[in-house]
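Enquirer:
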Amino acid sequence: MEQDHTESVNKDLFSFLDNSPNAFWAVKNMCSILDQAGLARLSEGAKWNLEAGRGYYVTRNDSAVIAFRIPKADYTGFQIMASHCDSPMFKIKANAEIAVDSQYVKLNVEKYGGMICAPWLDRPLSVAGRVIVRTEDGIETRLINIDRDLCIIPNMAIHMNREVNDGYKFNAQADMLPLFCEKGDETDAFMKLIASEAGVPAEDILDTDLFLYNRMKASVFGLNNEFIASGRLDDLQCAFASLQGFIQASPVDSVAVHCVFDNEEVGSGSKQGAAGTFLKDTLHRISAAMGKTDEEYMMGLASSFLVSADNAHAVHPNHAEKSDPTNRAYLNKGIVIKYSANQKYTTDAVSGAVMRSICERAGVPYQTFTNRSDMIGGSTLGNISQSQVSLNTVDIGLPQLAMHSPYETAGANDTAYLIRAAKVLFSSSIEAAGDGSYKLRFS
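If you're matching positions, the sequence shown starts at 368 in my numbering and goes up one per residue.
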């Protein structure tokens with residue numbers, strides 16, 4: 368892969384990561400990119416008048432987005448890549464301020480998702496998210512990001528915690544609350560700061576969804592700049608690659624669908640998660656707007672393909688024994704096709720073969736991953752989404768280290784590989800020729 372191209376891809380990826388501290392901002396930034404690409408924004412609460420040859424996008428809850436291009440009215444099916452935009456982090460509770468000895472103020476937080484706690488300590492943090500403000504005739508949403516080092520979760524000195532290097536168990540309520548400020552005469556300092564960022568009086572804020580985020584910027588490292596590191600690589604790296612491939616693609620026979628869900632890290636069981644109806648509702652509305660019957664919609668699903676893109680575990684340089692003996696993923700070695708006998712990953716022989724064909728057409732490397740047979744792996748959005756939209760699905764990801772840390776590591780080449788594969792996916796079509804037999808058409 369050309370070095371200049373890889374550097375350009377990573378520069379854009381870093382900008383996206385650094386400016387997307389949580390799901391709300393990730394969706395906002397993806398919407399801006401879609402606007403620049405000329406796609407029209409739709410609302411779930413308004414009638415959709417869709418035209419063949421055009422592209423559209425719709426959001427739900429400001430934290431999930433689906434974009435699609437309709438090449439022609441008699442399209443054969445849908446070519447979909449789904450990822451997620453949430454990451455493990457700390458959510459700030461209501462009535463957040465806790466005074467300590469009339470000297471300090473810390474913020475009350477709770478864990479969102481299964482994070483690694485230790486790396487959150489002793490690093491600059493800030494706050495971003497959404498606030499719901501009162502208007503003359505209702506409410507409206509405003510996104511805020513306090514773009515400065517605002518707080519820190521301080522470690523205890525080893526003199527006070529001699530067991531910290533011997534397997535210390537962090538207590539989220541006792542150990543993980545961030546130091547915010549010195550205690551002064553002012554009350555509700557935190558909410559006044561949030562109100563100032565939102566540009567409204569504090570009394571006009573009705574509710575909030577606010578999260579801590581790591582302030583450390585994305586970076587490239589290694590002897591030959593072969594590695595990248597950033598917060599939220601899981602799963603914004605896949606979301607970014609899917610979006611770039613979608614924009615670069617030229618659909619011919621199938622509707623190209625870029626789908627990014629929220630709440631994967633907590634089970635996807637929300638209206639904006641993979642277990643919700645967002646994807647099903649969108650595909651149904653596309654079908655109806657193009658004049659298709661329910662039977663034709665179901666026929667289209669049989670000739671559709673879903674790529675569930677969520678990052679994968681690379682072999683750890685210090686703990687190679689934690690990986691499967693024969694299905695091991697490595698940084699910079701390409702797209703990871705994930706398998707699980709218990710269907711935590713949806714890949715089977717058919718969908719795996721289709722994905723391999725897509726990678727070969729794109730000219731990008733791929734590798735396979737399974738968990739060790741004596742270790743339980745995590746699930747992803749592929750199998751969960753099947754409860755709403757059942758179609759051939761493959762689970763893939765990009766290889767990374769330190770998944771669910773606030774600062775993760777990946778390969779410098781792999782994002783560009785997935786962009787190329789996504790472009791092929793979105794430009795292709797699949798035709799059901801009988802159960803287990805499919806015709807693949809690449810433009």
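In this text, a Cβ means the ideal position worked out from N, Cα and C, and glycines have one as well.
(1) With a cut-off of 8 Å, do at least 3 Cβ pairs link the region 766 to 784 to the region 671 to 688?
(2) Starting from Asp762, trace the beta strand (DSSP E) in both directions and tell me its first and last residue.
(3) Does DSSP put Thr508 in a helix, in a strand, or in coil?
(4) Assuming Val717 is part of the alpha helix (DSSP H), what are its boundary residues?
(5) Just to confirm, are Gly444 and Ser754 a CB contact at a threshold of 8 Å?
(6) Three-state secondary structure (DSSP) at Asp574?
(7) Could you pull the start and end residues of the alpha helix (DSSP H) that Lys395 belongs to?
(8) To the nearest angstrom, report how far apart Arg652 and Asn389 are at their CA atoms.
(9) Within the region 733 to 777, note down every full alpha helix (DSSP H) run reaching 4 residues or more, in order along the chain.
(10) Counting pairs of Cβ atoms below 8 Å between the region 524 to 531 and the region 592 to 603, do you hit three or more?
(11) Which ranges does the beta strand (DSSP E) cover as unbroken runs of at least 3 residues, wholly within the region 493 to 566, from first to last along the chain?
(12) Quick one: what's got a C-beta closer than 7 Å to Leu600's C-beta in the same chain, skipping five residues either side?
(13) Tell me which residues share the same chain as Asn512 and place their Cβ nearer than 7 Å to its Cβ, disregarding the 5 neighbours each side in the sequence.
(14) Does DSSP put Ser586 in a helix, a strand or coil?
(15) Would DSSP call Arg427 helix, strand or coil?
(16) Nearest CA to the CA of Ile751: which residue from Asp571, Gly658, Thr713 and Ile786?
(17) State the Cα-Cα distance for the pair Ala642 and Leu748, rounded to the nearest angstrom.
(18) With distance defined between alpha-carbon atoms, name the residue in Lys536, Gly634, Ser637 and Leu650 nearest to His625.
(19) Can you find the residues in the same chain that come closer than 6 Å, C-beta to C-beta, to Arg497, ignoring five residues on each side of it along the sequence?
(20) Within the chosen definition, does the region 781 to 798 reach the region 656 to 671 through at least 3 CB pairs nearer than 8 Å?
(21) Does DSSP put Tyr664 in a helix, in a strand, or in coil?
(22) What would DSSP say about Val627, mapped onto helix, strand or coil?
(23) Pick helix, strand or coil for Arg436, following the three-state DSSP scheme.
(24) Checking the sheet assignment: what are the DSSP bridge partners for Ser450?
(25) Spatial neighbours of Lys790 within its chain, please: C-beta separation below 6 Å, excluding the five flanking residues on both sides.
(26) Let me know the secondary structure DSSP gives Leu698 once reduced to three states.
(27) What's the gap between the Cα of Arg695 and the Cα of Ala461?
(28) In whole angstroms, give me the CA-to-CA distance for Pro521 and Leu488.
(29) To which residues of the same chain is Ala623 closer than 7 Å at the C-beta, ignoring the five residues directly before and after it?
(30) By DSSP, does Arg652 sit in helix, in strand, or in coil?
(31) Does DSSP classify Gly569 as helix, strand or coil?
(32) What are the residues that DSSP puts in a beta bridge with Glu457?
(33) Under the assumption that Val703 contacts Gln734 (Cβ atoms under 8 Å), give the Cβ distance between them as a whole number of angstroms.
(34) Is Cys548 near Ser450, with beta carbons less than 8 Å apart?
(35) Using the Cα positions of Pro618 and Ser586, report the straight-line distance between them to the nearest angstrom.
(36) Relative to the C-alpha of Gly801, which candidate in Asn759, Ser810, Phe578 and Asn386 has its C-alpha closest?
Expert: This is what the structure holds:
(1) yes
(2) Thr760 to Gly764
(3) strand
(4) Per DSSP, the continuous alpha helix (DSSP H) segment holding Val717 begins and ends at Ala716 to Ala729.
(5) no
(6) Annotated three-state conformation of Asp574 is strand, per DSSP.
(7) Ala390 to Gln403
(8) 28 Å
(9) 748 to 752
(10) no
(11) Fully contained in the region 493 to 566 are the following beta strand (DSSP E) runs of length 3 or more, in chain order: 505 to 512 and 546 to 549.
(12) Asn678, Gln767, Glu775 and Ala777
(13) Pro388, Trp392 and Ala495, listed in sequence order.
(14) strand
(15) strand
(16) When only C-alpha atoms are compared, the closest one is Thr713.
(17) 8 Å
(18) Leu650
(19) Phe391, Thr508, Leu510 and Asp576
(20) yes
(21) Three-state result, Tyr664: helix.
(22) strand
(23) The three-state secondary structure of Arg436, taken from DSSP, is strand.
(24) Val627
(25) Gly612, Gln615 and Ala616
(26) Leu698 falls in the coil class under three-state DSSP.
(27) 43 Å
(28) 6 Å
(29) Around Ala623: Phe435, Arg436, Gln446, Phe613, Ala616 and Phe793.
(30) helix
(31) Reading off the sequence, residue 569 comes out as Ala, not Gly. Note: Ala569 maps to helix in three-state DSSP.
(32) The residue you asked about is not Glu; residue 457 is Phe in the sequence shown. In the DSSP output, where bridge partners are listed per residue, Phe457 has Lys478.
(33) 6 Å
(34) no
(35) 34 Å
(36) Asn759
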